[in-house]
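Heads up, the thing below is written out as structure tokens.
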Amino acid sequence: MTVATAVAHPNIALVKYWGKRDLERNLPAVSSLSLTLDGFRTETTVQRGAEVDVVRFGGRDASDKERRRTLAFLDRLEPGRPAVVVDTANTFPTGAGLASSASGFAALVLAYEAARGGDLDRVRLSRLAREGSGSACRSLWGGFVLWRRGEAADGSDSHGQPVAAHPSLDLALLVAVVTTEGKAVGSTEGMERSRLSSPLWETWVAQAESDVDAGLAALQAGDLAVLGRVMESSTLKMHAAMMTSDPPLLYWQPGTVALLHAVWRLRASGVPCWCTMDAGPQVKVLCPRGVAAEVAEALRPHAQVVHVLGPGPDASVRVG
Ligand code: PMV
7 MTVATAVAHP
17 NIALVKYWGK
27 RDLERNLPAV
37 SSLSLTLDGF
47 RTETTVQRGA
57 EVDVVRFGGR
67 DASDKERRRT
77 LAFLDRLEPG
87 RPAVVVDTAN
97 TFPTGAGLAS
107 SASGFAALVL
117 AYEAARGGDL
127 DRVRLSRLAR
137 EGSGSACRSL
147 WGGFVLWRRG
157 EAADGSDSHG
167 QPVAAHPSLD
177 LALLVAVVTT
187 EGKAVGSTEG
197 MERSRLSSPL
207 WETWVAQAES
217 DVDAGLAALQ
227 AGDLAVLGRV
237 MESSTLKMHA
247 AMMTSDPPLL
257 YWQPGTVALL
267 HAVWRLRASG
277 VPCWCTMDAG
287 PQVKVLCPRG
297 VAAEVAEALR
307 PHAQVVHVLG
317 PGPDASVRVG
């Protein structure tokens, strides 16, 4: 029996991932670029070797769905594995629009592989985490992470890799929570719906790689205005593909629109800030750390709560 505990942080895509070219292996139709966050984290302990499988989320027994997803993933990592005890907890509110599956699968793969005494090569771990949830492959590293879609059918070239940003970029990422109600349509189902029915699908895919390259170049040049514009454009193209799916996927609520206008008003008044959204109603805002308090103030009247976060560290693990 070996025990290992891993910590991983959620990430938010600046250039978005939406759509799969392989459902089984979670291979993406497009490349993406993300920022791993501080403040919020998932901590997961795995005991490899037990009488029966036990899965606990936040100190309580996991739901059937959570348990099935966790154990199926471990069966994939090690067919014929011994029984395990998995204890996982998020320090952030669920439903905050921060994909807990990203930090969740990154922490799970890291803890399981350490408990198993496997080799902890990050690229390999990233590929494995991707099979649990696509965006999880970006949470192995802190800071900015690039996930190239790759071409190989087995997914060997589809994993995260850390990207160095220009040292002048000192950024904050704010999360404005509109509602914590669960989302109606999960990302896997939503992506397939968009791929199969949105008339904008081909355009979305065709523009994604140049958006990633423009985002990367802006990061390396320290050009926040270009990075912000690329991020908003990628977000709105993704949501346009969602909205034009059949049946339509409108993740926005009235509060989402109010927040977008608040950010655009603020920017028109000279404060540098740009929005992104995921498969939910929350609005995330990227800005220099120096104006984060002012941006938070402008968002608060339209949000339940505003979290002010920044770039976070690599995922980490300890054995024993
Ligand atoms: O990894 P998933 O299946 O939770 O998909 C994440 C998709 C978005 O959050 C909408 C975009 C992204 O790149 O994280």
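No gaps in the numbering here: position 304 of the sequence shown is 310 in our numbering, and each next residue is one more. Note that the Cβ used here is the ideal one computed from N, Cα and C, for glycine as well.
Return the chain-ordered list of same chain residues with a C-beta closer than 8 Å to the C-beta of residue i, the five sequence neighbours on each side being excluded.
| i | result |
| --- | --- |
| Ser162 | Arg133 and Gly156 |
| Val211 | Gly25, Ala35 and Val36 |
| Asp160 | Arg31 |
| Asp28 | Ala159 and Gly161 |
| His238 | It is worth fixing the name first, because residue 238 is Glu in this sequence and not His. The answer, listed in chain order, is Trp280, Cys281 and Thr282. |
| Asp176 | Pro294, Arg295 and Gly296 |
Candidates the options: which alpha carbon is nearest residue i's?
| i | options | result |
| --- | --- | --- |
| Val289 | Gly110, Val21 and Trp280 | Trp280 |
| Glu215 | Ala274, Pro168, Val269 and Trp153 | Trp153 |
| Ser240 | Gln226, Glu137 and Ser38 | Ser38 |
| Gly45 | Val277, Ala14, Ala68 and Leu33 | Ala14 |
| Thr48 | Ala190, Val61 and Phe111 | Phe111 |
| Tyr257 | Met283, Arg273 and Pro307 | Met283 |
| Ser139 | Met7, Ala220, Pro253 and Ser164 | Ser164 |
| Arg324 | Phe79, Gly123, Arg66 and Thr186 | Gly123 |
| Ala19 | Ser40, Leu29, Ala10 and Thr11 | Ser40 |
| Asp229 | Arg27, Gly326, Pro294 and Val191 | Pro294 |
| Glu195 | Glu238, Gly221, Pro254 and Glu208 | Pro254 |
| Ser174 | Leu292, Ala227 and Leu83 | Ala227 |
| Glu4 | Pro168, Gly188, Leu83 and Leu126 | Only positions 7 to 326 of the chain appear in this structure, which leaves residue 4 out of reach. |
| Ser275 | Ala285, Leu77 and Glu300 | Glu300 |
| Arg271 | Ala190, Ser193, Ala304 and Ala68 | Ala304 |
| Phe79 | Arg66, Val61, Leu265 and Glu208 | Val61 |
| Ala285 | Leu126, Ser193 and Thr209 | Ser193 |
| Pro307 | Asp67, Leu292, Leu266 and Leu104 | Leu266 |
| Thr8 | Asp176, Ala121 and Arg66 | Ala121 |
| Val291 | His172, Ser322 and Leu104 | Leu104 |
| Lys22 | Leu242, Pro168, Glu208 and Gly326 | Leu242 |
Here's a check: name, in chain order, each residue in its chain whose Cβ is nearer than 7 Å to the Cβ of residue i, leaving out the five neighbours to either side.
| i | result |
| --- | --- |
| Ser251 | Arg199, Ser200, Ser203 and Ser204 |
| Leu131 | Val115, Leu116, Glu119 and Leu146 |
| Phe63 | Glu72 and Thr94 |
| Thr97 | Phe46 and Arg47 |
| Pro99 | Thr186 |
| Ala302 | Leu180, Val312 and Val314 |
| Ala2 | Absent from the model: residue 2. The displayed extent of the chain is 7 to 326, so no value can be given. |
| Gln213 | Lys243 |
Given a threshold of 16 other Cβ atoms within 10 Å of its Cβ, counted over all protein chains shown, does residue i qualify as buried or as exposed?
| i | result |
| --- | --- |
| Pro16 | buried |
| Ser107 | buried |
| Ala224 | buried |
| Arg144 | buried |
| Asp217 | buried |
| Lys71 | exposed |
| Gly166 | buried |
| Ala170 | exposed |
| Pro85 | exposed |
| Ala158 | exposed |
| Met197 | buried |
| Arg273 | buried |
| Val151 | buried |
| Ala268 | buried |
| Ala10 | buried |
| Gly221 | buried |
| Thr76 | buried |
| Ala190 | exposed |
| Leu33 | buried |
| Leu126 | exposed |
Can you list, in chain order, the residues of its chain with a C-beta nearer than 6 Å to that of residue i? Leave out the 5 residues immediately preceding and following it.
| i | result |
| --- | --- |
| Gly148 | Thr42, Gly318, Pro319 and Asp320 |
| Val297 | Val277 |
| Ala142 | Ala108, Phe111, Ala112 and Ala135 |
| Val58 | Ala89 |
| Thr50 | Ala12, Thr94, Ala113, Leu114 and Ala117 |
| Arg74 | none |
| Val129 | His165 |
| Ser322 | Val13 |
### Query
Are at least three pairs of beta-carbons, each pair with one atom in the region 89–108 and one in the region 48–66, less than 8 Å apart?
Touching, per the Cβ criterion.
### Task
Inspect the CB distances between the region 238–248 and the region 203–216 and report whether three or more fall short of 8 Å.
Touching, yes, given that three or more Cβ pairs across the two stretches are closer than 8 Å.
### Query
Within the chosen definition, does the region 224–235 reach the region 254–271 through at least 3 CB pairs nearer than 8 Å?
no
### Message
Pairs of beta-carbons, one from the region 305–318 and one from the region 173–182, closer than 8 Å: are there three or more?
### Response
yes
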